[in-house]
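Numbering (this note's numbering), first residue to last: 1 to 105.
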């Protein structure tokens, strides 16, 4: 049985396991720094599931920053019919790649 947790960061929720690499919205830190996620919503270990209300007390997920980079470009098109008005814009979100080290608690 694998141990996993559901964490919340950047307004999104992620299911993580030890050794997994996760791409999240930008976090402070340089590659090699340790990141702690205290916002743990669920922990499942050895067949037991602990669900928080809203978070699991005493649980945390520890990870290491692997890379600070930018995501792929997303193109946004704006178009107004019959007005000869078109606009194309691009956006690249800043992201952080984190390798999950362990789930505690």
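From the three backbone atoms N, C-alpha and C, an ideal C-beta is built for every residue, glycine too.
Taking 3 residues as the minimum length, the beta strand (DSSP E) runs contained wholly in the region 25–70 are 34–37, 40–45, 48–51, 60–70, in order along the chain. With a cutoff of 8 Å on beta-carbon distance, residue 42 and residue 54 are scored as not near each other.
Selection 64, 79, 80 evaluated against residue 100 yields 64 as nearest (Cα-Cα). Around the CB of residue 28, fewer than 16 other CB atoms lie within 10 Å, so the residue is classed as exposed.
The C-beta separation of residue 37 from residue 61 comes to about 4 Å, placing the pair in contact by the 8 Å criterion.
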